[in-house]
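Here the protein sequences line up with chains A and B, keeping their order. If you're matching positions, the first sequence starts at 3 in the numbering used here and goes up one per residue. If you're matching positions, the second sequence starts at 158 in the numbering used here and goes up one per residue. The C-beta atom is built at its ideal place from N, Cα and C for all residues, glycine as well. To keep things clear, I will list the structure first and then write my remarks on it.
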Amino acid sequence: MPAGLFATCLVNIARPQIGLAAAKTLDLAGADWVFPRGQTCCGQPAYNAGFRAQAAAAAAHCARVFADCEKVVVPSGSCCGFLRKHAPGLADVAGDSVTVLAAKCMELSEFLLEKEFVPPPRKTPLAAAFHDGCAGLRELGIKKGPRKLLAQAGVTVSDIPECEVCCGFGGAFAEKFGGISAALADAKCENILAAKTNTVLAGDAGCILHIEGRLSRLRKPVQVLHWAQALFDSGGETNG
Amino acid sequence: MQTAPVSFAARAKKALGDAAMRGAMAEVKGKFISARAQAAAEYGDFESLRERGKQIREQSINEMPALLRQFEQNAQAAGARVFWAANAEAARKITVAAARHHNAKLAVKSKSITGEEIRLNGALEKAGIKTVETDLGEFILQLAGEEPFHIIAPAMHKRREEIAKLFAQNNIGEGGEDIAALTRSARKHLRAQFLAADIGITGANFLFADIGAAMIVTNEGNGRLAATLPKVRITIAGIDKIVARFSDSADLLALLTRSATGQKISNYVTVASGARNGDCNDGSEEGPRHHYIILLDNGRSAMRKSEMREMLRCIRCGACMNHCPVYHAVGGHSYGPAYMGPMGQVLIPALRGINYMPDLPHAATMCGACEVVCPVKIPLPGLMRKLREKQVKEKTRPFAESAAVFLWTFVCLRPRLYNFAAAAMAMFLRLAGGGSKVRRLFFLPGWFSARDLICPPGRTLAQMLKKENR
Ligand code: SF4
Numbered sequence: 003m004p005a006g007l008f009a010t011c012l013v014n015i016a017r018p019q020i021g022l023a024a025a026k027t028l029d030l031a032g033a034d035w036v037f038p039r040g041q042t043c044c045g046q047p048a049y050n051a052g053f054r055a056q057a058a059a060a061a062a063h064c065a066r067v068f069a070d071c072e073k074v075v076v077p078s079g080s081c082c083g084f085l086r087k088h089a090p091g092l093a094d095v096a097g098d099s100v101t102v103l104a105a106k107c108m109e110l111s112e113f114l115l116e117k118e119f120v121p122p123p124r125k126t127p128l129a130a131a132f133h134d135g136c137a138g139l140r141e142l143g144i145k146k147g148p149r150k151l152l153a154q155a156g157v158t159v160s161d162i163p164e165c166e167v168c169c170g171f172g173g174a175f176a177e178k179f180g181g182i183s184a185a186l187a188d189a190k191c192e193n194i195l196a197a198k199t200n201t202v203l204a205g206d207a208g209c210i211l212h213i214e215g216r217l218s219r220l221r222k223p224v225q226v227l228h229w230a231q232a233l234f235d236s237g238g239e240t241n242g
Numbered sequence: 158m159q160t161a162p163v164s165f166a167a168r169a170k171k172a173l174g175d176a177a178m179r180g181a182m183a184e185v186k187g188k189f190i191s192a193r194a195q196a197a198a199e200y201g202d203f204e205s206l207r208e209r210g211k212q213i214r215e216q217s218i219n220e221m222p223a224l225l226r227q228f229e230q231n232a233q234a235a236g237a238r239v240f241w242a243a244n245a246e247a248a249r250k251i252t253v254a255a256a257r258h259h260n261a262k263l264a265v266k267s268k269s270i271t272g273e274e275i276r277l278n279g280a281l282e283k284a285g286i287k288t289v290e291t292d293l294g295e296f297i298l299q300l301a302g303e304e305p306f307h308i309i310a311p312a313m314h315k316r317r318e319e320i321a322k323l324f325a326q327n328n329i330g331e332g333g334e335d336i337a338a339l340t341r342s343a344r345k346h347l348r349a350q351f352l353a354a355d356i357g358i359t360g361a362n363f364l365f366a367d368i369g370a371a372m373i374v375t376n377e378g379n380g381r382l383a384a385t386l387p388k389v390r391i392t393i394a395g396i397d398k399i400v401a402r403f404s405d406s407a408d409l410l411a412l413l414t415r416s417a418t419g420q421k422i423s424n425y426v427t428v429a430s431g432a433r434n435g436d437c438n439d440g441s442e443e444g445p446r447h448h449y450i451i452l453l454d455n456g457r458s459a460m461r462k463s464e465m466r467e468m469l470r471c472i473r474c475g476a477c478m479n480h481c482p483v484y485h486a487v488g489g490h491s492y493g494p495a496y497m498g499p500m501g502q503v504l505i506p507a508l509r510g511i512n513y514m515p516d517l518p519h520a521a522t523m524c525g526a527c528e529v530v531c532p533v534k535i536p537l538p539g540l541m542r543k544l545r546e547k548q549v550k551e552k553t554r555p556f557a558e559s560a561a562v563f564l565w566t567f568v569c570l571r572p573r574l575y576n577f578a579a580a581a582m583a584m585f586l587r588l589a590g591g592g593s594k595v596r597r598l599f600f601l602p603g604w605f606s607a608r609d610l611i612c613p614p615g616r617t618l619a620q621m622l623k624k625e626n627r
């Protein structure tokens with residue numbers, strides 16, 4: 003059975019470049035993988051808003067879509083965290099399929115490391131500073147994996163100061179409490195500027211859009227990429 | 158007496174504009190975090206200790222009624238009188254009645270957040286009993302007429318200059334902004350109050366059922382003075398403070414002080430049970446002649462039977478707020494009365510009902526920083542989510558939010574519709590951003606109040622991969 007790539011909504015709509023980079027790593031890792039066409043949202047937004055039944059319905063749909071996949075590869079710590087750690091708690095509504103799905107979900111770096119993937123070295127040098135997304139870090143324990151892959155690709159990785167502190171995104175939180183969220187983002191931006199880097203790397207499209215959105219509003223010329231994009235000179239978008 | 162609460166969002170907005178507070182927070186936040194990290198590392202297997210703490214406190218909750226009865230028996234046998242207060246009003250009445258019975262005019266009080274919860278000071282003042290806070294932080298706030306900003310460091314947001322001004326206005330000390338001198342002045346001022354006080358009022362960090370004694374933990378020693386100098390002592394404690402065995406106190410203390418301030422142990426730990434009675438023939442005059450212990454329920458029994466049950470494990474260490482980025486940004490006055498930070502976001506709705514300050518459990522990014530440091534492993538974000546679920550179940554959420562979730566779910570269960578909507582959205586964002594960035598969108602005012610959206614390519618990943626024939 004192949005592995006299934008789960009785009010996640012934010013990547014699918016707002017930052018497909020991340021998905022392309024993830025797809026490229028899967029190809030290079032020699033993985034047998036598919037992109038199931040029926041995939042939609044995992045249900046996390048409804049879940050965090052307190053809409054349990056709706057979250058369960060979305061998670062169950064997700065389980066159906068990936069039923070024929072041996073693994074589900076997710077280039078996002080928070081969606082993967084939701085499916086793996088939280089969705090099984092919805093089994094009373096969603097049925098056992100969500101428990102099966104949970105056991106199959108792997109964050110991209112976990113999957114690549116399990117495949118013993120070693121990225122080819124970049125041609126152009128890149129120095130970047132890492133921000134650890136909350137869900138990936140605290141729900142899935144992802145910390146060293148992406149750094150290891152980046153180092154193998156020849157990226158010089160440092161940590162931004164307070165790299166484990168939340169950037170303030172929190173999904174709907176950024177909309178409902180825009181001011182507080184911005185205050186958290188400002189603290190994050192200060193740390194990024196203190197790191198004196200041109201490139202910030204993270205593992206979650208939510209953090210990425212949020213941090214880069216605030217940096218842009220503050221007119222700070224720092225790019226924010228998913229770590230998978232940084233593995234490639236081209237950002238992973240082309241075959242180059 | 159209690160006014161309707163302002164929403165968290167409104168209070169937080171005001172707090173975000175308070176530059177002095179935010180400056181103070183930026184300065185101190187790192188200190189708590191590194192102190193706790195160092196103390197946990199130095200202990201060794203702090204994770205196992207947290208698990209142990211969780212178990213000790215689970216037993217407290219499981220056996221609460223029986224343990225409380227055991228505590229009552231043992232404390233009464235040692236000469237204390239135990240009262241049960243079903244709610245805040247009952248607790249205030251008992252306290253005032255006890256104070257009146259002894260003709261008290263002056264009460265010294267050590268820090269008690271439970272006392273804040275039931276607004277004890279106001280009731281005592283109304284009854285003509287002057288009440289002096291003796292914890293330095295609480296003393297400062299009493300002068301300033303403010304509520305605690307933090308459960309263990311109530312005045313952490315106050316700067317030295319501000320404190321010097323307050324002292325000068327109240328004729329305490331000789332002026333100047335030297336911290337040591339200010340502390341000395343407060344100490345001198347308070348010492349006189351201790352000696353003159355008719356009653357001492359303390360809280361309790363733990364109540365040990367097997368020995369019928371209350372433990373209080375302080376760094377300034379004011380708790381011990383309040384507990385032992387006046388002839389009458391009143392202890393006010395939530396029923397959740399019960400612990401089965403005194404032999405567990407070492408583990409609980411290690412968890413409490415290391416999590417709170419990074420100390421191996423606090424400067425003072427006072428364990429006292431009853432009162433000095435006729436049996437004490439050692440000729441000494443020390444210790445209270447009367448000790449009233451008030452066990453406060455105020456919603457806790459109901460909590461024990463609810464989904465919020467785990468919150469009763471809380472040992473009030475403050476680590477969750479010390480590690481909360483939202484708390485760091487908005488400070489302790491943005492939350493409800495007495496409790497703040499993640500623990501307040503759960504405890505306040507759990508005690509007062511989910512409609513008391515309905516946005517409280519929503520004001521979290523769910524980053525989980527609190528949960529991983531909580532010494533008794535309370536799943537704080539999970540409990541906040543359960544509160545949200547309860548609001549949804551009781552249909553108290555705004556219509557627009559429910560409509561958005563229903564619509565989104567409807568779309569997500571229909572892949573073709575989803576793919577169409579996603580593609581339309583991607584194209585819309587592309588056009589709205591004109592190739593560079595989106596600066597404003599009417600349906601996301603919160604986001605665009607402070608952030609741009611870098612223009613997406615205009616096609617979804619699903620569309621892009623299709624072209625590559627996946
Ligand atoms: S919830 Fe946990 S971390 Fe917060 S005060 Fe209570 S015991 Fe401490």
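Practice task
Quick one: which residues of the stretch 606 to 618 of chain B get their C-beta closer than 9 angstroms to a C-beta of chain A? List them in chain order.
Solution key: Ser606, Ala607, Arg608, Asp609, Leu610, Ile611, Pro613, Pro614, Arg616, Thr617 and Leu618
Handout entry: beta strand (DSSP E) runs contained entirely in the stretch 341 to 373 of chain B, provided each spans 3 or more residues
Key = Runs found: 356 to 359 and 363 to 365.
Practice task
Label valine 163 of chain B either buried or exposed according to how many other C-beta atoms from any shown protein chain fall within 10 Å of its C-beta, with 16 as the threshold for buried.
Solution key: The residue you call residue 163 of chain B lines up with position 6 of the second sequence. Looking at its Cβ environment, which holds fewer than 16 other Cβ atoms inside 10 Å, valine 163 of chain B is exposed.
Exercise for the section: Please determine if the stretch 364 to 382 of chain B and the stretch 185 to 195 of chain B are in contact, where contact requires at least 3 C-beta pairs separated by less than 8 angstroms. Expected result: Contact check between the stretch 364 to 382 of chain B and the stretch 185 to 195 of chain B: fewer than three CB pairs, one atom from each, fall below 8 angstroms, which does not count as touching.
Practice task
List the residues of chain A whose Cβ lies closer than 7 angstroms to the Cβ of histidine 519 of chain B, in chain order.
Solution key: Residue mapping note: residue 519 of chain B aligns to position 362 of the second sequence, counting from 1. Residues of chain A passing the Cβ test: Lys178.
Practice task
Could you check what DSSP says for valine 157 of chain A in three-state terms: helix, strand or coil?
Solution key: Taking the first sequence and counting its residues from 1, the one referred to as residue 157 of chain A is at position 155. Valine 157 of chain A: strand per DSSP, three-state reduction.
Exercise for the section: Report the residues of the stretch 189 to 219 of chain A with a CB closer than 8 angstroms to any CB of chain B, ordered along the chain. Expected result: Ala189, Leu211, His212, Glu214, Gly215, Arg216, Ser218 and Arg219
Handout entry: Local conformation of methionine 497 of chain B per DSSP, three classes
Key = As a working note, residue 497 of chain B is residue 340 in the second sequence. Here methionine 497 of chain B sits in coil by DSSP.
Practice task
Classify isoleucine 575 of chain B as helix, strand or coil using the three-state DSSP reduction.
Solution key: Position 418 of the second sequence, counting from 1, holds the residue named residue 575 of chain B. A quick correction: the sequence has tyrosine, not isoleucine, at residue 575 of chain B. When DSSP states are grouped into helix, strand and coil, tyrosine 575 of chain B belongs to the helix group.
Handout entry: Assigned secondary structure, arginine 179 of chain B (DSSP; H/G/I helix, E/B strand, else coil)
Key = Mapped onto the second sequence, residue 179 of chain B falls at position 22. Correct three-state label for arginine 179 of chain B: helix.
Problem - Bounding residues of the alpha helix (DSSP H) (the contiguous stretch that carries isoleucine 20 of chain A) - result: If you number the first sequence from 1, residue 20 of chain A lands on position 18. From DSSP, the alpha helix (DSSP H) with isoleucine 20 of chain A extends over 18 to 30.
Handout entry: Contact set between the stretch 130 to 144 of chain A and chain B, restricted to residues whose Cβ is under 8 angstroms from the partner
Key = Listed by position along the chain: Cys136, Ala137, Arg140 and Glu141.
Practice task
Could you tell me whether any Cβ in chain B is nearer than 8 angstroms to the Cβ of histidine 63 of chain A?
Solution key: Position 61 of the first sequence, counted from the first residue, corresponds to residue 63 of chain A. Yes, contact with chain B.
Problem - Residues in the stretch 479 to 503 of chain B having any Cβ partner in chain A nearer than 7 angstroms - result: Flagged, chain order: Pro482, Val483, Ala486 and Val487.
Exercise for the section: Give every residue of the same chain whose Cβ lies closer than 8 angstroms to the Cβ of glutamate 208 of chain B, excluding the five residues on either side of it in the sequence, and list them in chain order. Expected result: Working through the second sequence from its first residue, we reach residue 208 of chain B at position 51. Excluding positions up to five away in sequence, the list reads Lys534.
Problem - CB contact below 8 angstroms: valine 389 of chain B versus chain C - result: Of the chains in the structure shown, none is chain C; the protein chains are A and B.
Exercise for the section: Determine the burial state of histidine 258 of chain B: buried for a count of at least 16 other Cβ atoms within 10 Å of its Cβ, exposed for fewer. Expected result: As a working mapping, residue 258 of chain B is identified with position 101 in the second sequence. Per the 10 Å Cβ criterion, exposed.
Handout entry: Sheet register partners of tryptophan 35 of chain A (DSSP bridge)
Key = Your numbering for residue 35 of chain A matches position 33 in the first sequence. Bridge partners of tryptophan 35 of chain A: A:Ala5.
Practice task
State buried or exposed for methionine 3 of chain A, treating a residue as buried only when at least 16 other CB atoms are found within 10 Å of its CB.
Solution key: Within the first sequence, residue 3 of chain A is the residue found at index 1, counting from 1. Flag for methionine 3 of chain A reads exposed.
Problem - Near ligand 1: proline 387 of chain B beta-carbon under 7 angstroms from a heavy atom - result: Taking the second sequence and counting its residues from 1, one reaches residue 387 of chain B at position 230. The answer is no for proline 387 of chain B.
Practice task
Give a yes or no on whether the minimum CB-CB distance between phenylalanine 113 of chain A and chain B is below 8 angstroms.
Solution key: As a working note, residue 113 of chain A is residue 111 in the first sequence. Judged by the 8 angstroms Cβ criterion, phenylalanine 113 of chain A is not in contact with chain B.
Handout entry: Test: alanine 176 of chain B CB closer than 8 angstroms to a CB of chain A
Key = For the purposes of this step, residue 176 of chain B is taken as residue 19 along the second sequence, with counting starting at 1. By this cut-off, alanine 176 of chain B is not an interface position.
Problem - Neighbour flag for tyrosine 513 of chain B against chain A, beta carbons, 8 angstroms - result: Locating residue 513 of chain B in the second sequence gives position 356, counting from the first residue. No, because no Cβ of chain A sits closer than 8 angstroms to the Cβ of tyrosine 513 of chain B.
Problem - Given glutamate 318 of chain B as reference, the closest of B:Pro305, B:Gly333, B:Gln620 and B:Tyr484 once Cα atoms are compared - result: Within the second sequence, residue 318 of chain B is the residue found at index 161, counting from 1. Taking only the C-alpha atoms, the option nearest glutamate 318 of chain B is B:Gly333.
Handout entry: Test: methionine 523 of chain B CB closer than 8 angstroms to a CB of chain A
Key = As a position in the second sequence, residue 523 of chain B is number 366, starting the count at 1. So yes, methionine 523 of chain B belongs to the interface.
Problem - Beta-carbon neighbours of alanine 185 of chain A, restricted to chain B and to distances below 7 angstroms - result: For the purposes of this step, residue 185 of chain A is identified with residue 183 of the first sequence, where counting begins at 1. By Cβ distance, chain B contributes Leu173 and Ala486.
Handout entry: First and last residue of the uninterrupted alpha helix (DSSP H) at alanine 69 of chain A
Key = Position 67 of the first sequence, counted from the start, is the residue given in the question as residue 69 of chain A. Careful: alanine 69 of chain A lies outside any alpha helix (DSSP H) and carries neither H nor E.
Handout entry: tryptophan 241 of chain B - partner residues in DSSP beta bridges
Key = Reading the second sequence from its first residue, position 84 is the one you call residue 241 of chain B. Tryptophan 241 of chain B pairs with B:Leu452.
Practice task
Kindly indicate which three-state DSSP category cysteine 209 of chain A falls into: helix, strand or coil?
Solution key: Locating residue 209 of chain A in the first sequence gives position 207, where the first residue counts as 1. It is helical.
Problem - Of the listed residues B:Ala561, B:Val503, B:Leu364 and B:Arg616, nearest to glutamate 467 of chain B (C-alpha basis) - result: Reading the second sequence from its first residue, position 310 is the one you call residue 467 of chain B. Check the Cα spacing between glutamate 467 of chain B and each of B:Ala561, B:Val503, B:Leu364 and B:Arg616: the tightest is with B:Val503.
Handout entry: Any C-beta of chain A under 8 angstroms from that of arginine 272 of chain B
Key = Counted from its first residue, the second sequence places residue 272 of chain B at position 115. Residue identity check: residue 272 of chain B is glycine in the sequence provided, not arginine. So no, glycine 272 of chain B is outside the interface.
Practice task
Spatial neighbours of tyrosine 575 of chain B within its chain, please: CB distance less than 8 angstroms, with the 5 preceding and 5 following residues excluded, ordered by chain position.
Solution key: By 1-based counting over the second sequence, the position of residue 575 of chain B is 418. Only Val568 and Cys569 meet the Cβ criterion.
Exercise for the section: Indicate whether the contact test is met: 3 or more Cβ pairs, each with one atom in the stretch 206 to 220 of chain A and one in the stretch 559 to 567 of chain B, closer than 8 angstroms. Expected result: no
Problem - Paired residues, beta bridge with isoleucine 391 of chain B - DSSP - result: Working through the second sequence from its first residue, we reach residue 391 of chain B at position 234. Isoleucine 391 of chain B is bridged to B:Ile358 and B:Tyr449.
Problem - Under 8 angstroms between C-beta atoms of serine 99 of chain A and alanine 59 of chain A - result: On the first sequence, residue 99 of chain A is found 97 positions in, with the first residue counted as 1. On the first sequence, residue 59 of chain A is found 57 positions in, with the first residue counted as 1. Their beta carbons are not under 8 angstroms apart, which means serine 99 of chain A does not touch alanine 59 of chain A by this criterion.
Problem - Cβ neighbour criterion (16 or more within 10 Å) applied to phenylalanine 68 of chain A - result: Mapped onto the first sequence, residue 68 of chain A falls at position 66. Residue environment for phenylalanine 68 of chain A: buried (at least 16 other C-beta atoms within 10 angstroms of its C-beta).
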